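Remarks on the structure that follows.
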Amino acid sequence: MRPMPIIRSRTGCFTCRRRKKKCNEEKPVCSGCKRNKLECHWPTEPSNSSSSQKRADDAAAAAGSGALPQLSGPSSVATSSGPRPPSQQQHHEHHHHHHHHYQQELQHRQRLVGLEPDSEPDVEQTIVVSGPSPGRRSQSNMLRDGSSTPGPGSEDTDMAEADDESVQPSPSPSPSSTHSSAGSPDNLPTLAPPITDYDRDVVDALALTVVSGSTSDRGPYAGAAIPMPVSMLPQHGHDSYELLSYYLSRTANSMGNGSTDVNPFIAKLIPLGFSNPLVLQLILAQSAAHRQASAERQPTDQVAQRYYTDSLRMFRTVVNEYVSGKDENTLVLTVGSLILCLTEVARGDIHGTVFDHLSASKSLLSMLLTRPKSEVFDDLPDFLVEYYMHIAASSMISIDPHYSSQPLLSADIENLARGLVERKYVGQLCGCWLELLILITQIFHLGQGMMTPVEGQSSSPSPDSIVTFGFLQSQALAFFPDVAVTAHSRLAGLVFKQAVLLYLWTILGTPHQESENSSHRALMIAAVSDAVILLGQLPATVRVNTSLCWPLAVIGCCTTDPTIQEILRIRLQTMVDTIGLGNMRETLVLLEHVWRQPLEDISPWSLCKAMREHQIWISFA
């Protein structure tokens, strides 16, 4: 006969409660803490004073009301008019023991964030977190837990969990995409042990508080500073707290375009940052770069440069370890190189540094995606593939098509991206137009083949090139955003569609290079007009504009109409003022140079020439 399982009690030791494990309530050290070599903490003996008991009950009631959702307090004590049997009486006393200790802990945490004992924090703007858990949590569990939040009945559903630290995680729904729930790729590595471990409640509090506030009526980029207790970042100073607060309230929303409900720049990257110091340093450096480049200019140049330099130094150290054979750093390096790409975008780097990081990202991501599958990653690879595709497709226009170069897209990444398209993936970087990003890479390769001179002279398109041209045109014309996406995402997808058609058609020439009655010219003028009409329906202040630098640059290279140029100029300046990424400012600077060039030199395919002449080599990601 099987022995009765130990049902996890809510009156067990504090260590088991924090770890959400069952406890056999053996004192002074329970079996779970003894087996896992943990310190076993028990509630202190309660005072006999009825007033202290009343205060404990009041504190528990306040916690149950949701004033501090991050702190896992006990459930309220059930009352009964009849006499209690001994077992119920003992259970009732245990609850009062816990209430008394919890009331002391609650008052201590309120003092940490400057609250009076009877006041309630604003859950939209304040995050109260607990210190590190006595039990060390693995990096795999942190990744798994970072995107899920326990509901009101989570403790009940977890009662049958095994007490082993290496419990197998079960897959959870993805928060990064509203449509990507099926089949992640079968190709994921195991993770390195964490250097620093944090309580899961810290991650849940950060992701949920900021996500819930990002869609409020205060605007997509408005956000109050979030006070952080010292215990959250024990090895960082005041600047780090400010930068993390700025990242959560501004930078993460500026990176993501708002096409999905949950922002993976918080739900995916913050948990990884809390489990790995390199990722955290890169996040802080990105926040500093964004703060420096934004319209809210502050005397932060020194801070931004220091964090940027430190993050590069840490990244090189991990790269050296990886080269020496420590291949468990593949995930961290892949994520780190991608973060660095958008850090250069935020800085407005004009020296092409982003292309160095992009080249490293391609090799690392291709290697990462061929590793054995591990369920703890959930859909993180989907986000990484989206991340890379967004940057690579938006950067190809900066490469001179007349010279052969290493392709930015590998077959593995392209195949996975196509799989996401089949699942109607929607993301915070690619919106609903991932299919068009794949087309951009194919159009670039077609343009390379058709524009590369043969024996020093231009040649007519080959039959294969003509067939490919027609195939790509039919795919672009057939694109239409899914009806389930948001209105802003749909409009942005249609703007991208017109820009992709212009990018394809300008392989054969630009509107100002054709005769007045040319059908080719008429097609391009109509595409520009359609794009301008769509932009007129899309406010320049909404988050989705963060993804529109590439189509705006293409449209700008296909028009000589001063009215349309002014529309693009005003939109880009508004994007600089509201979103504040440095490459938006540089995109506007570059277009101003392009519009002053001779007509025969204005084309999306000669944009790289203007970059070279004016020493501005940027990505339009």
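Taken in order, the sequence shown gives residues -7 to 613; the numbers are from our numbering. Yeah, the Cβ is synthetic: ideal placement off N, Cα and C, and Gly gets one too. These figures come from a predicted structure and were not determined experimentally.
query                                                                                                           : result
Boundaries of the alpha helix (DSSP H) in which Q440 is found, first to last residue                            : 426 to 443
Start-to-end residues for the alpha helix (DSSP H) that takes in Q589                                           : Counting along the chain, Q589 falls outside any alpha helix (DSSP H), and DSSP gives it neither H nor E.
V487 and P543 closer than 9 Å at C-beta                                                                         : yes
Beta bridge counterpart(s) of G328 as assigned by DSSP                                                          : Bridge partners of G328: none, in fact.
Candidates K489, Q465, V459, of which the one nearest G423 by Cα                                                : K489
Buried versus exposed call for W597 [16 or more other C-beta atoms within 10 Å across all chains shown]         : buried
Helix, strand or coil at G501 according to DSSP, with G and I counted as helix                                  : coil
Burial state of W609 (16 or more Cβ within 10 Å)                                                                : buried
According to DSSP, residues forming a beta bridge with W609                                                     : H343
Per DSSP, cross-strand counterpart(s) of G419                                                                   : G423
Pairwise C-alpha distance: L272 and I262                                                                        : 8 Å
Collapsed DSSP secondary structure at Q297 in the structure displayed                                           : helix
Contact set for M359: own chain, Cβ-Cβ below 7 Å, skip 5 residues either direction                              : T322
For C333 and L350, believed in contact at Cβ under 8 Å, the rounded distance                                    : 6 Å
Proximity to H230 [Cα-Cα], best of T243, V295, I275, M247                                                       : V295
Sequence-distant residues of its chain with Cβ nearer than 7 Å to S457 (five each side left out)                : L438, G441, M442
At least 3 beta-carbon pairs within less than 8 Å: the region 581 to 593 vs the region 506 to 516               : no
For G4, the three-state DSSP class (helix, strand or coil)                                                      : coil
W34: first and last residue of the uninterrupted alpha helix (DSSP H) it sits in                                : Unbroken run through W34: none, as it is neither H nor E.
CB of V339 within 9 Å of CB of S279, strictly                                                                   : Here residue 339 is Arg; the residue named in the question, Val, does not match the sequence. No; because the gap between Cβ atoms is not below 9 Å, this pair is not in contact.
Spatial neighbours of G344 in its chain, beta-carbon cut-off 7 Å, leaving aside the 5 residues before and after : W609
For Y417 and G501, the rounded distance between their alpha carbons                                             : 34 Å
Straight-line gap, F6 to K19 (C-alpha atoms, nearest Å)                                                         : 12 Å
Classification of R604 by the beta-carbon crowding that lies within 10 angstroms, buried from 16 upward         : exposed
Buried or exposed by the 16-neighbour rule on C-beta atoms within 10 Å, applied to T326                         : buried
The region 584 to 596 contacting the region 495 to 509, beta-carbon criterion three pairs below 8 Å             : yes
Through-space distance from S452 to S481, alpha-carbon basis                                                    : 39 Å
Contact check, L383 vs A545, beta carbons under 9 Å                                                             : What sits at residue 383 in the sequence shown is Ile, not Leu. It is not a contact, given that the beta carbons lie outside the stated cut-off.
I391 in three-state terms, based on DSSP                                                                        : coil
Short Cβ contact (9 Å threshold) for L235 with L276                                                             : yes
Whole-Å CB distance - M388 paired with T433, under 8 Å assumed                                                  : 6 Å
R10 burial status per 10 Å Cβ neighbour count (16 or more: buried)                                              : buried
Residue closest to P531, alpha-carbon to alpha-carbon, out of L483, P554, G574                                  : L483
Through-space distance from A281 to R298, alpha-carbon basis                                                    : 10 Å
CB-CB length for L412 against D374, believed under 8 Å                                                          : 6 Å
Coarse secondary structure for A476, derived from DSSP in three states                                          : coil
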